[in-house]
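First comes the structure, then the notes that go with it.
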Amino acid sequence: MALVSAVAFGSLSILAKFAYASGLGTSQLLAFRFVLAAGGMLALSLVARQSPTRLPRRRILTLFAVGAVIYTGQSLAYFTALRSLPASLCVLIVYMYPSLVVLAAWLFQRRAVSRWHLLALLASFAGLVLLVGGAELRLSWALLLAVSAAVIYTAYIMVGERVMAGTPALPANALIMSGAALSFCILAGGGGQLSPPATAHQWAAGVAIAVVPTMVAVSLFMAALPRIGGARAALLSTLEPVITVVLAVVLLGDRLAAVQVLGGGLVLAAVVFVQTAHLWSPKAPLR
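Shown next as structure tokens:
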């Protein structure tokens, strides 16, 4: 689930670039994305006979708030940064979050972290650095927003792992996306961008973003969290930038340099390693 989710998430930056090129605004795109995704997830929940209304009221409110506040903040920060920064650089910055998740779990949940887990994290981050060819970072609002997206996503994973325990993925994600849809509709309306796409290209980009890196990716990732834990799911998700680079080569005509091939190999090696090794002790105390 986590790996397929990473593949779907890998298309997000590419589709966002296509959407911006077609003339969609940030709030307009995100409102459209989450309205479609919320409707689709609600329909799937009803078909599967897992209506969100069957959840406890407190759980409903919590999941809705996760979407309206945390997921909205992360998406807005990332998509705004993506307007100014290259997609590969945004992905690199946001992929600070696996290390942040491990650090947060160690600090707040007293979880033990093995040296092998730390080694896999270092390998995956080194691979990401190589993957973008050693891009130069300069202080800017876009850079700060990208860093903020990583921090907020860490909070989203930590909260999601706890909230999703014992909660079916379909109704949970219907509520999360509904919360995000409401927030982005308010933001788009306040900025005069609350309108549907106007061209076929805008519709295609908007629908693709709503389905692949939203409905499919988020549902599978949230379903994986209670099964393998936030830190392991986060590390497996480092497959995402590899997919992003491959799509950039195939769809945008980018060339894949030798250093990027090496970086992608390190990321994939870390993904395989974390799948086969017992890197995480979910309830072990600090030693």
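In this text, residue positions in the sequence shown follow the numbering used here: the first is 1167, and each later residue adds one.
Note that CB positions come from ideal geometry on N, CA and C, so glycine has one too.
In this text the structure is predicted, and so the values were computed from the model without any measurement.
The residues L1294, T1404 and P1407, in chain order, have a CB closer than 7 Å to that of Y1261 in the same chain once the five nearest residues on each side in sequence are set aside. The closest CA to that of F1200, considering only V1427, A1270, P1362 and V1425, is found on P1362. When the beta-carbon positions are compared, A1316 and L1251 stay at least 8 Å from each other. Distances from the CA of S1241 to each of L1417, F1439 and A1376 were compared; the closest alpha carbon is that of A1376. Within the segment 1312–1367, the runs of alpha helix (DSSP H) that reach at least 4 residues and sit entirely inside it are, in chain order, 1335–1356. The Cβ neighbour count for F1274, taken over all protein chains shown within 10 Å, is under 16; the residue is labelled exposed. Per the coordinates, the alpha-carbon of S1179 lies some 19 Å from the alpha-carbon of F1291. Burial is judged here by how many other beta carbons sit within 10 angstroms of a residue's own beta carbon; R1328 has fewer than 16 and is exposed. A distance below 8 Å separates the beta carbons of A1174 and P1379.
Taking every protein chain shown into account, the CB of P1222 has fewer than 16 other CB atoms within 10 angstroms, so this residue is exposed. Pairing G1233 with A1346 gives a Cβ-Cβ distance under 8 Å. The beta carbon of S1265 is closer than 7 Å to those of L1287 and F1291 in its chain, skipping five residues each way along the sequence. Straight through space, the alpha carbons of G1176 and S1188 are spaced by roughly 20 Å. The three-state reading of DSSP puts A1374 in helix, counting H, G and I together.
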